[in-house]
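To convert a position in the sequence shown, counted from 1, into my numbering, add 385.
Here's the structure we're looking at; comments come further down.
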Amino acid sequence: MMHGNPNIKFIVAKEAKEIYQYNNKLMMHGNPNIKFIVAKEAKEIYQYNNTKRKLCSTNAAIWYNITCRHKQLTPSYINISINGKNRQCQGTLKIATQHCINQEIKYLYIKKLNEQLYRLHLDCADKWSNTWHIIQQNIDQKLVQEMETHYNNLNIKLDKLQLKQQGTKQTKDYQQRYKFHARTINLTKINFTHEEWSLLNKGLQHSIENPLDKYWTDLIMETEQAIRLLEPKIQSPFRILADKKLKQIKTSSSQHNDTA
Numbered sequence: 386m387m388h389g390n391p392n393i394k395f396i397v398a399k400e401a402k403e404i405y406q407y408n409n410k411l412m413m414h415g416n417p418n419i420k421f422i423v424a425k426e427a428k429e430i431y432q433y434n435n436t437k438r439k440l441c442s443t444n445a446a447i448w449y450n451i452t453c454r455h456k457q458l459t460p461s462y463i464n465i466s467i468n469g470k471n472r473q474c475q476g477t478l479k480i481a482t483q484h485c486i487n488q489e490i491k492y493l494y495i496k497k498l499n500e501q502l503y504r505l506h507l508d509c510a511d512k513w514s515n516t517w518h519i520i521q522q523n524i525d526q527k528l529v530q531e532m533e534t535h536y537n538n539l540n541i542k543l544d545k546l547q548l549k550q551q552g553t554k555q556t557k558d559y560q561q562r563y564k565f566h567a568r569t570i571n572l573t574k575i576n577f578t579h580e581e582w583s584l585l586n587k588g589l590q591h592s593i594e595n596p597l598d599k600y601w602t603d604l605i606m607e608t609e610q611a612i613r614l615l616e617p618k619i620q621s622p623f624r625i626l627a628d629k630k631l632k633q634i635k636t637s638s639s640q641h642n643d644t645a
C-alpha cells in the first residue's frame with residue numbers, strides 16, 4: 386500500500402466498517418482514486434477474471450493435448466477398445482487416438498475467448514479508468530500462481546501416462562534382475578548432489594558447462610526466440626513453463642556455488 390500497489394479485493398456491503406478503515410489508509414498514502422465496490426458493481430471485473438481464467442485453462446489444455454500427440458501418449462479421456470493385438474489393429478488404434486486428440490485440439494481452438502476478453506477489458510478500462518491497471522495486475526498475479534499449479538499437475542499427469550504406456554516396468558525388472566558395478570565411487574568425505582552424481586557418471590570426456598553468468602542472457606534470449614516460433618495462442622503457457630524452468634536453473638546454480 387505504501388508503494389501504491391495494494392491488493393484489490395471485491396467486497397460486499399456487510400464489510401462497511403473495514404471498507405472505510407482501509408479507504409482512509411489508502412488516501413493517507415496517496416491513493417485517493419481507489420474506490421471500494423460492492424458485488425453488483427464488480428460484474429464486469431468478475432466476468433473479466435473468469436474469462437481470463439477460462440482462456441488460460443484452454444491454453445493449458447491445448448498444450449497438454451499437443452504434448453500427448455507429440456509424445457504419442459493416450460490421454461485419460463480417450464477410451465478406445467479394439468479386438469486383436471496384431472500390427473494392423475495397433476495401427477488402427479494409434480490412428481483413432483490421434484484423430485481424437487486432433488478433434489479435441491480443434492474444439493479448444495474454436496472457443497472465442499480472446500474476443501470476449503478483449504471486449505471485457507475495454508468495458509472495465511472505460512468504467513474503472515484510474516484503477517483498472519491495478520485491478521488487472523492483481524488478477525494477473527493470482528492467475529499466474531493458479532496456472533503454475535495447474536501446469537505442475539499437468540506435468541505430473543504426463544509423467545504418469547508416460548510411465549504407464551511406455552513399458553517402464555520392463556526396464557525396472559531388468560535392472561532388478563541384473564546388478565552392475567557403480568560407475569563412480571566416492572572415496573572422499575564430500576557429499577555430492579544428485580545432479581553432481583549424474584554428471585560424474587557420464588565419464589571424464591563429458592564436457593562441463595560454463596558458469597551460469599556467462600550464458601544466462603543468451604539462454605533467456607534463445608528461449609524467447611524459440612517460443613516466438615510457436616503459434617501465438619500457445620505461446621503464453623510455454624512462456625510460463627520456460628520462466629519456471631529458468632528459475633529452477635538459476636536456483637540450482639546458486640545453491641551449487643554456495644556449497645562450492
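Beta carbons are placed, not taken as given, at the ideal position from N, Cα and C, and that holds for glycine.
A quick note: this is a predicted structure, and the numbers were derived from the prediction, not measured.
{"query": "Buried versus exposed call for Pro622 [16 or more other C-beta atoms within 10 Å across all chains shown]", "result": "buried"}
{"query": "DSSP state of Pro622 mapped onto helix, strand, coil", "result": "helix"}
{"query": "Cutoff 9 Å: Ile570 Cβ touching any chain B Cβ", "result": "Of the protein chains in this structure there is only one, and it is not chain B."}
{"query": "Integer Cβ distance of Tyr536 from Leu626, believed to fall under 8 Å", "result": "6 Å"}
{"query": "Reference Leu546, options Ile430, Tyr433, Asn450, Tyr431, closest by Cα", "result": "Asn450"}
{"query": "Asn468, enclosing alpha helix (DSSP H) - first and last residue", "result": "Unbroken run through Asn468: none, as it is neither H nor E."}
{"query": "Rounded separation between Leu572 and His455 - CA only", "result": "44 Å"}
{"query": "Integer Cβ distance of Gln550 from Thr459, believed to fall under 8 Å", "result": "6 Å"}
{"query": "DSSP three-state assignment for Ala462, whether helix, strand or coil", "result": "Rather than Ala, the amino acid found at residue 462 in this sequence is Tyr. Of the three classes helix, strand and coil, the one that applies to Tyr462 here is coil, per DSSP."}
{"query": "Alpha helix (DSSP H) segment containing Gly476, residue limits", "result": "472-495"}
{"query": "Coil, strand or helix - Glu533 by DSSP", "result": "helix"}
{"query": "Segment contact flag, the stretch 435-450 with the stretch 526-544, C-beta cutoff 8 Å, min 3 pairs", "result": "yes"}
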